[in-house]
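Numbering (the working numbering), first residue to last: 27 to 230.
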């Protein structure tokens, strides 16, 4: 099973904000793949997708960003066990290089130039509340990430206000133009894994 988690905040007031880039990318991926089933469970919107003989769960937590880890842990623990994983916890079940299951988290990143995508395996959370919540609940940072660059806030603008504000009109257009290559990167990740996908997309 491949778990793909798009991060964002629920509610119409957050739909156009920078912090919801993960939701937008997840929706773009789903729009290009037929879902056999979509439903709400474990405080998440979940869609079942099959692509190139890979079973995928696309997950959008319905909790706010700083609490999304509980939803992610519940989904992965439940469906991971259904896929043959023993034990009650998440730790040790997703060994990305050799394991049966993988987790890709899609999120925004202020430390990356706007409009760029970067993939990564493991590492720190960079102060991102969503990543911190996931790492806390699954007791591991050993999961893959697809990061969409926001760039740094202008002037002295507070970072929290920056990510919770809407994209500028020009940014919305550039983001829209980046969605096809971002979905292509996710497709490559599903088929070829994190190392191949990093090598292909991290220098674009």
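All C-beta atoms in this analysis are idealised placements derived from N, C-alpha and C, irrespective of residue type, glycine included.
Keep in mind it's a predicted model, so treat the numbers as computed, not measured.
- Distance between residue 85 and residue 33, taken at the CA atoms: about 9 Å.
- Judged by beta-carbon spacing, residue 29 lies beyond the 8 Å limit of residue 172, meaning their Cβ atoms are not closer than that value.
- Between residue 100 and the set 66, 52, 225, the nearest pair of CA atoms involves 66.
- In terms of Cα proximity to residue 27, the closest of 181, 106, 166, 226 is 106.
- If you ignore the 5 residues before and after residue 47, its C-beta comes within less than 6 Å of the C-beta of 134, 174, all in its own chain and listed in chain order.
- With respect to the C-alpha of residue 170, the residue from 149, 37, 139 having the closest C-alpha is 149.
- In the three-state scheme derived from DSSP, where H, G and I count as helix and E and B as strand, residue 57 is classed as helix.
- If you draw a straight line from the Cα of residue 217 to the Cα of residue 182, it is about 42 Å long.
- Within the stretch 138 to 218, the runs of alpha helix (DSSP H) that reach at least 4 residues and sit entirely inside it are, in chain order, 155 to 164, 185 to 189, 195 to 218.
- Looking from the CA of residue 96, the closest CA among 56, 164, 45, 151 belongs to 164.
- Between residue 31 and residue 143, the gap from beta carbon to beta carbon reaches 8 Å or more.
- Residues 222, 223, 226, 227 of the same chain have their beta carbon placed closer than 8 Å to that of residue 214, with the five preceding and five following residues left out of the count.
- Taking the C-beta atoms as reference points, residue 35 is found nearer than 8 Å to residue 91.
- From the listed residues 64, 136, 60, the smallest Cα separation to residue 184 is found for 136.
- Counting the other CB atoms within 10 Å of its CB gives residue 208 a total of 16 or more, which places it among the buried residues.
- When only Cα atoms are considered, residue 82 and residue 102 end up about 11 Å apart.
- With fewer than 16 neighbouring CB atoms inside 10 Å of its own CB, residue 196 falls in the exposed class.
- Of the other Cβ atoms in all chains shown, fewer than 16 fall within 10 Å of the Cβ of residue 180; this residue is therefore exposed.
- Scanning its chain for C-beta atoms nearer than 7 Å, with the 5 sequence neighbours on each side dropped, one finds around residue 80 the residues 28, 216, in chain order.
- Under the three-state reduction of DSSP, residue 89 is assigned to coil, being neither helix nor strand.
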